[in-house]
Amino acid sequence: MSYQKEWLLLEATDEIDEMEHRNPSEEYQFYHAVASGNVDYVRRNCESGRFSQEEGVGQLSRDPVLNLKYHLVITTAMITRLCVQSGMELEQAFRLSDFYIQKLDDLHSVNAVCQLHDDMVMDFTKKMRKHLRNDTNSKHINAGKEYIYAHIKERITIEDLADELGVSPSYLSRLFKKETGTSVSGYIRQQKINMAKNLLRFSDSSMIDIANQLAFSSQSHFIQQFREVTGMTPKKYRDVSRLNPWED
Numbered sequence: 003m004s005y006q007k008e009w010l011l012l013e014a015t016d017e018i019d020e021m022e023h024r025n026p027s028e029e030y031q032f033y034h035a036v037a038s039g040n041v042d043y044v045r046r047n048c049e050s051g052r053f054s055q056e057e058g059v060g061q062l063s064r065d066p067v068l069n070l071k072y073h074l075v076i077t078t079a080m081i082t083r084l085c086v087q088s089g090m091e092l093e094q095a096f097r098l099s100d101f102y103i104q105k106l107d108d109l110h111s112v113n114a115v116c117q118l119h120d121d122m123v124m125d126f127t128k129k130m131r132k133h134l135r136n137d138t139n140s141k142h143i144n145a146g147k148e149y150i151y152a153h154i155k156e157r158i159t160i161e162d163l164a165d166e167l168g169v170s171p172s173y174l175s176r177l178f179k180k181e182t183g184t185s186v187s188g189y190i191r192q193q194k195i196n197m198a199k200n201l202l203r204f205s206d207s208s209m210i211d212i213a214n215q216l217a218f219s220s221q222s223h224f225i226q227q228f229r230e231v232t233g234m235t236p237k238k239y240r241d242v243s244r245l246n247p248w249e250d
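Here it is in structure tokens:
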């Protein structure tokens with residue numbers, strides 16, 4: 003029997019009449035809370051365990067763990083697209099989405115999937131809150147920031163960026179300074195240092211590996227730039243941050 007015929011028969015049974023789904027407005031409200039950076043609302047939703055409540059969510063698999071995994075994939079996909087619409091850098095959003103969905107491969111319990119859901123939605127929400135507080139830029143500058151994020155592990159020049167955006171380097175330099183308060187090179191350096199901080203906090207990569215990964219000209223150049231931005235050496239930052247690695 004074809005799937006279409008099987009569905010038509012199921013549609014006509016009494017069993018399907020017993021299936022109820024939540025009002026879509028509740029889901030949309032949650033998705034928009036994430037995309038608008040409403041940390042308090044999203045945290046309360048997580049604490050209430052709403053994601054794991056079976057009533058009205060639909061059954062996508064007879065296996066309870068697989069069922070929740072399917073729902074988490076759907077939730078992640080919806081949140082990703084809404085966050086992009088609300089201004090999150092596209093490449094960042096999809097890489098974050100891929101990261102959390104891939105983590106499902108290693109999970110084998112309902113509690114573990116629920117915890118991943120809570121971590122995922124809070125991560126997106128906090129990133130959106132930070133973005134929306136800072137986002138007052140024009141289309142060119144936002145596109146430039148997205149390009150920088152996607153190529154942060156490469157050597158980026160203002161000429162590269164201007165060519166990508168279809169504007170002159172001098173125009174881009176003036177616009178970037180006007181809208182962000184910093185130069186293009188200063189912004190690129192800050193983003194590289196931000197990523198270096200994460201590598202120092204959450205990996206065991208050596209200084210030379212981090213310097214190479216983020217396209218600094220040398221280890222000494224990386225250390226110099228890191229000290230100028232943060233006021234401490236990378237080694238000192240690693241030692242201090244590991245006392246409280248998850249502090250925002």
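Taking our numbering, the leading residue of the sequence shown gets 3, the next gets one more, and so forth. Don't be surprised by glycine CBs; every beta carbon is placed ideally from N, CA and C. Here the structure is a predicted model, which means the values were calculated and not measured.
- Here DSSP, grouped into helix, strand and coil, assigns residue 95 to helix.
- Cβ-Cβ distances below 8 Å link residue 198 to 212, 216, 224, 228 and 236 in the same chain, with the five nearest sequence neighbours on each side left out; the list follows chain order.
- Here residue 91 is not near residue 141, since their CB atoms are 9 Å or more apart.
- Beta-carbon to beta-carbon, residue 81 and residue 53 are separated by about 12 Å, too far to satisfy the 8 Å threshold.
- Here residue 218 is buried, its C-beta having at least 16 other C-beta atoms within 10 Å.
- Sequence-distant Cβ neighbours of residue 201 in its own chain, meaning closer than 6 Å and more than five residues away, are 207 and 212.
- The residue among 94, 101 and 71 with its C-alpha nearest the C-alpha of residue 154 is 94.
- Around the beta carbon of residue 102, a 10 Å sphere encloses 16 or more other beta carbons of the protein chains shown; the residue is thus reported as buried.
- Taken atom to atom, the span from the alpha-carbon of residue 231 to that of residue 46 is near 36 Å.
- Inter-segment contact for the segment 163-175 and the segment 66-86 is absent: fewer than three beta-carbon pairs are separated by less than 8 Å.
- Distance between residue 71 and residue 115, taken at the CA atoms: about 7 Å.
- Sequence-distant partners of residue 121 (beyond 5 residues in either direction) whose C-beta falls short of 8 Å from its own C-beta, in its chain, are 102.
- Contact between residue 99 and residue 78 holds, since their C-beta atoms are separated by about 5 Å, short of 8 Å.
- As the crow flies, the alpha-carbon of residue 104 is around 21 Å from that of residue 37.
- Rounded to whole angstroms, the gap between the alpha carbons of residue 69 and residue 176 is 52 Å.
- Spatial neighbours of residue 39 in its own chain (CB-CB distance under 7 Å, excluding positions within 5 residues in sequence) are listed in chain order as 127, 130, 131 and 134.
- In the structure shown, residue 146 falls within a helical segment according to DSSP collapsed to helix, strand and coil.
- Across the set 55, 48 and 195, the C-alpha of 195 shows the shortest separation from the C-alpha of residue 234.
- About 14 Å separates the CB atoms of residue 160 and residue 193; that is not less than 8 Å, and the two are not in contact.
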